[in-house]
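Below is one structure, written out as structure tokens; the observations come after it.
Residue numbers (the working numbering): 1065 to 1168.
The following block contains the structure:
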């Protein structure tokens, strides 16, 4: 049942639980996301709970709510790497760069 899978995800960690709840909530019918959630929880057997929790946290950070995303994060060992920080630098000013007026 969806309640059981949410409980199992909660035993792995808060990020896993949050991801599973989001997947179930985003579907019109919770049963549609159930298989994805079961797959995510099963990833703990092959990768360990700690890595799965880190992968789910990463998936939440990048707004990717799917089994495929979590599996890819684990497969590419991205759960152990921090995402590159977003740059808040101003846009480059140069004579050869078109401004917003060019596109209107």
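No residue lacks a Cβ here, since even glycine has one placed at the ideal position from N, Cα and C.
Beta-carbon proximity list for residue 1072, same chain, < 8 Å, skipping 5 on both sides: 1105
Stretch pair the stretch 1148-1164 + the stretch 1123-1140: three plus CB contacts closer than 8 Å: In short, these stretches do not touch, since the Cβ pair count stays below three.
Pick from 1119, 1113, 1088, 1086 that is closest to residue 1141, judged by C-alpha positions: Looking at the Cα atoms, 1119 is the closest of the given residues.
For residue 1156 and residue 1115, the rounded distance between their alpha carbons: 39 Å
Cβ pair residue 1101, residue 1076 closer than 7 Å: no
Residue 1078 versus residue 1167 - alpha carbon distance: The alpha-carbon atoms of residue 1078 and residue 1167 are separated by roughly 45 Å.
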